[in-house]
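Mapping the sequence shown onto this note's numbering, position 233 (from 1) lands on 262, and the numbers just tick up by one.
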Amino acid sequence: MACILKPLQLDCNLCAIISNSGQMTEQKVGVEIDQSSCIWRMNNAPTKGYEDDVGKRTTVRVVSHTSVPLLLKNPEYFFKETNSTIYVIWGPFRNMRKDGNGIVYNMLKKTVDSYPGAKVYVTTEKRMSYCDEVFKKETGKDRVQSGSYLSTGWFTLILAMDACYQIHVYGMINDTYCKSEGFRKVPYHYYEPGRDECDEYYLHENAPYGGHRFITEKKVFAEWAKNHAIIFTHPNWTLS
Numbered sequence: 030m031a032c033i034l035k036p037l038q039l040d041c042n043l044c045a046i047i048s049n050s051g052q053m054t055e056q057k058v059g060v061e062i063d064q065s066s067c068i069w070r071m072n073n074a075p076t077k078g079y080e081d082d083v084g085k086r087t088t089v090r091v092v093s094h095t096s097v098p099l100l101l102k103n104p105e106y107f108f109k110e111t112n113s114t115i116y117v118i119w120g121p122f123r124n125m126r127k128d129g130n131g132i133v134y135n136m137l138k139k140t141v142d143s144y145p146g147a148k149v150y151v152t153t154e155k156r157m158s159y160c161d162e163v164f165k166k167e168t169g170k171d172r173v174q175s176g177s178y179l180s181t182g183w184f185t186l187i188l189a190m191d192a193c194y195q196i197h198v199y200g201m202i203n204d205t206y207c208k209s210e211g212f213r214k215v216p217y218h219y220y221e222p223g224r225d226e227c228d229e230y231y232l233h234e235n236a237p238y239g240g241h242r243f244i245t246e247k248k249v250f251a252e253w254a255k256n257h258a259i260i261f262t263h264p265n266w267t268l269s
């Protein structure tokens, strides 16, 4: 992991990872979340206006290269007020290169110039390859050949397993949830109206090219939870 400035070093006891899912609506776990040593959020998921459900603190925000423009629509909120937050931006080398041709890197460089207090880190090519290797090892499939993109959740969990002694994931559904009896129909994100979460999962899982394999990833997360101190709640996962 390399930063615009220096490598990221993080050591947390209990980490809370907050899903962007509509499952977080009406959960009223904000106070509980805010008691965790480190709180991880993803992409542009806001806390303002949703504090009762998702808490108000953010330690680390893991952001996809495609979501950087969403953060830059509201730079005062993301980079000024909350400048104790560490931003970890992941993306392919072509967007992250530092020779002046990395479109996302250039945006971030400008942001750091405008908000010198912002702590912005970018993934190295080596870290990106490592995440691809883990996907292949766990699923038997080559990510590129299978036409898929890793999700921000995938990067977040891999980073958190390095940094945290215990992990509590809130609001993430497991791989069988959408087939379970009486499952809760919610929008894909808690902070905006949109397609139903399960519809979105199926759409991506079955897309021939350019989809996230959300369901496949959740199967892998359940395996990781057998060997790491990871729990999933709201909804609860039963690990076989």
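Yeah, the Cβ is synthetic: ideal placement off N, Cα and C, and Gly gets one too.
Looking only at its own chain, which residues have a Cβ that is under 6 Å from the Cβ of residue 132, when we skip the five neighbours before and after it? Non-local C-beta neighbours of residue 132 in its own chain, meaning closer than 6 Å and more than five positions away in sequence, comprise 124, ordered along the chain.
When the Cβ atoms of the stretch 202–210 are set against those of the stretch 128–142, are three or more pairs found closer than 8 Å? With a cut-off of 8 Å, the stretch 128–142 and the stretch 202–210 do not count as touching, because too few Cβ pairs lie within range.
Bounding residues of the beta strand (DSSP E) (the contiguous stretch that carries residue 132): Residue range 132–143 is occupied by the alpha helix (DSSP H) that includes residue 132, with no beta strand (DSSP E) assigned at that position.
Evaluate the contact criterion for the stretch 192–202 versus the stretch 41–49: three or more CB pairs, one atom per stretch, below 8 Å. Under the Cβ criterion (8 Å, minimum of three pairs), the stretch 192–202 counts as touching the stretch 41–49.
Taking Cβ to Cβ, would you say residue 58 is nearer than 9 Å to residue 91? At least 9 Å separates the beta-carbon of residue 58 from that of residue 91.
Looking only at its chain, what residues have a beta carbon closer than 7 Å to the beta carbon of residue 248, apart from the 5 residues adjacent to it on each side? Exclusion of the five residues before and after residue 248 leaves 204 as the residues of its chain whose Cβ lies within less than 7 Å of its Cβ.
Count the other CB atoms within 10 Å of the CB of residue 34; is the residue buried (16 or more) or exposed (fewer)? Only weak support exists for where residue 34 lies, its pLDDT of 46 falling under 50; the value from the coordinates is given anyway. Exposure of residue 34 is indicated by the presence of fewer than 16 other C-beta atoms within 10 angstroms of its C-beta.
With three or more beta-carbon pairs closer than 8 Å as the criterion, would you say the stretch 48–62 touches the stretch 215–224? Cβ pair count under 8 Å is three or more, so yes.
Among 256, 185, 240, whose alpha-carbon lies nearest the alpha-carbon of residue 72? Of the listed residues, the one whose Cα sits closest to residue 72 is 185.
Tell me the rounded alpha-carbon separation between residue 246 and residue 177. Looking at the backbone, the Cα of residue 246 and that of residue 177 are separated by about 11 Å.
Do residue 164 and residue 155 have their C-beta atoms within less than 9 Å of each other? Not in contact: residue 164 and residue 155 (Cβ atoms no closer than 9 Å).
Using 9 Å as the threshold, is the C-beta distance between residue 108 and residue 143 below it? Yes; because the gap between Cβ atoms is below 9 Å, this pair is in contact.
At the level of alpha carbons, what is the spacing between residue 86 and residue 239? Rounded to whole angstroms, residue 86 to residue 239 spans 33 Å at the Cα level.
According to DSSP, is residue 63 part of a helix, a strand, or is it coil? Three-state result, residue 63: helix.
Beta-bridge pairing of residue 148 - partner residues as DSSP gives them: DSSP, once it has assigned bridges, lists 115 as partnering residue 148.
What is the rounded straight-line gap between the Cα of residue 128 and the Cα of residue 259? Each residue's Cα considered, the two are about 39 Å apart.
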